[in-house]
Structures are given as C-alpha cells and as structure tokens.
Amino acid sequence: MKNKIKKLIAYFSLSLAFILIISGATGYLIMGSEGDPESAIKLVEKELSKSAHARQKRINQANYDEEVDFARGAEIAEAKKNYHSTIEKYGIGSIYMPKANISVPILAGTSEWNLFNGVATARANQELGEGLFIGLSHNLINDTLLKNIDQMTPGDYIYASDFEDVYTYKVIDQEVVHETNKNYFVEPAEDERGRMLVYRCEGGYGTDYRRVLYSEFVSKEPVFKTEDNILKGLNIESDAASDSDEEKEITDEGLELKGRDEELSVFDRLRKKVVQSISQYDVLNNYFLTVYAQVDRQPLLFTAFVFLLFALYRFL
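All residue numbers for the sequence shown refer to this note's numbering, where the first residue is 43 and numbers rise by one.
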C-alpha cells in the first residue's frame, strides 16, 4: 500500500513539474506574440460610428502621464490578460505599416496597459493629419507592437485611421536618439504638412535611448474609398468599401501590400495560430499568463520548486 502511495506521489510530482514547465513556456509564447485586435476593433468601430462624441470622450478621459520604458515580462503578461478590454475601452483608431508588418490599435492615453497593447497617444489635443501626432509603445520581445520600426526607411508609407478616414504618411526619418533629444517633438509650422512621430525605447532595461520614426502627412480619404488590403492591415471591415475603379494617386513602385501572415515563417504562423486558439478561452489564456508572470517575478523559487518535484519523482 505504501509503495502504491509513493508511486502515486511520484507520478503526480512528475506530471505537475511538466505541467508547470509547459504552462510557463506557453505563457511566454502568448506574452511574446502579437494579439489579434480584429474583434475588439470591430466593436470599437461600431461604437464610435454611432456617436460623433464617443471618440472625443475617450480621448478626454484618458491618462497621459506615463512614459515609454523597457517592459518586464510579468508586466506584459498582466497587460495581455486585459488585451481586448483595453482596446474596447481606449481604442480610437488603428495604424498599419506594411514594410514592417506592423498592425496595431491606436489607444487614447499612455496608461501602462495601453503602452503594452498598442500605440498610445501622447496628448489629448492631437489629431491625425494635423500638426504633430505622437504615438508610443513599450519595447516588447519578438516582433510585437513597434518592435519592427527599425525596418522602415524614408519613402515608406504608414496608414492610420480614426475609423472614418484613412490617413497616409510618408516616412522622413528613422533613427535612435537620446531621450533628451526633443528635435522630433517640435510642432510643424502652419504652412507645413502635418507630421507623425511614433517611438519606443531602444536597448536594455532602463535605457535612455529611443528609436523614433518620423513621417509626413500625405493625404486622407474616407474608409469606403480605401483599398481592401490597406483596410485589412488596419483591421477595418471592408464591406463599406466603394466598388469604384478610382485609383489612388499615391504609387510606390515595388511596394506590395501583402497580407500580414504571408511574410511570416512557418514557426511564426504556427505560434500565431496556437496563441489565437488559446486566446479564445479567457480562463485558459489567463492561466498560462499568470504562471508565466510568477516565473518572471520569482524565477529562482519556480526553478527550485520544479527541481523539488523532479527530486520527489526520482527518489520515491
């Protein structure tokens, strides 16, 4: 009888050890993957289209006190648990950079969860296509949020939308600057085109450097006149798109706006599919993220506990 109990405890310990390891690894996979904002953005788009004041109300109620910084894994995991609710509460638009395969929501204010889940707006009194529009994000792992802006070069296009119009910007500059460098934060003169500045931190934890992407406003057009592939990148439904054969005046020889998944490797596609499948179940999604957060906060304690479980299996 005692031997049976020992074997039961041993196999339970082994199973628990593997479950914890797999759970932590899965949580890391979810935390380090781009969320799927499409369903949340559809809800935001529907709400904002009903009221002209809904978008401005979100902007006015947002918090603009935070600053971009290097992100810790546990903080990212906590924010990811609130990914869709954050977009539904603070979403005011979306941004798409085909060259860098970036497609994320624009969120009102610079709260921590906004900085982890999209491009956060730096000020309440800024509008797309006018003056200086500033957006920022935390620097996350893998190719999430603004991680890939270093792939953007002068001449590349950026598309942003407030769900009524789509605004096209052309990149002027992209570089790494010290946080004290405010050259890019200067408002354009009245006779100049609007500008957009998006940035994230560059370097290790506590870095003083920022990677900035600076672009110039080119044009805007209604959502229903915008090409389907751009709307897809902006996560906007193209049902209302016009059937007109009118072509956009902007052309860029050699630029092909591909689907966001077409340039991903087989591993990245599989990872995205797994993450999207898990994210459909909030309980499961939050469980994996919670385990990973604990691993990130107390890695030594977690390692010691797993080692103890393996030791129990080995010696019982």
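By construction, the Cβ of each residue, glycine as well, lies at the ideal position given by its N, Cα and C atoms.
Exposure of residue 225 is indicated by the presence of fewer than 16 other C-beta atoms within 10 angstroms of its C-beta. Per DSSP, residue 67 is one residue of the alpha helix (DSSP H) stretching across 44-73.
Residue 240 sits close to residue 188, with the two beta carbons spaced by under 9 Å. The C-alpha of residue 166 is placed about 48 Å away from the C-alpha of residue 60. The C-beta of residue 195 has fewer than 16 other C-beta atoms within 10 Å across all chains shown, which makes the residue exposed.
Comparing C-alpha distances from residue 203 to each of 175, 230, 190, 218 shows the shortest one belongs to 175. The beta carbon of residue 198 is closer than 7 Å to those of 141, 213 in its chain, skipping five residues each way along the sequence. When secondary structure is reduced to three states using DSSP, residue 248 falls in the coil class, being assigned neither helix nor strand. DSSP places residue 123 outside both helix and strand once states are collapsed to three, so it counts as coil. Our two residues, residue 322 and residue 81, have alpha carbons roughly 11 Å apart in a direct line. By the Cβ neighbour-count rule, residue 107 is exposed, with fewer than 16 other Cβ atoms within 10 Å of its own. Counting the other CB atoms within 10 Å of its CB gives residue 43 a total below 16, which places it among the exposed residues.
Under the 10 Å beta carbon count, residue 353 is surrounded by fewer than 16 other beta carbons and is classified as exposed. In terms of CA proximity to residue 215, 191 leads the group 191, 231, 208. Its Cα nearest to that of residue 217, the residue 244 stands out among 238, 244, 207, 201.
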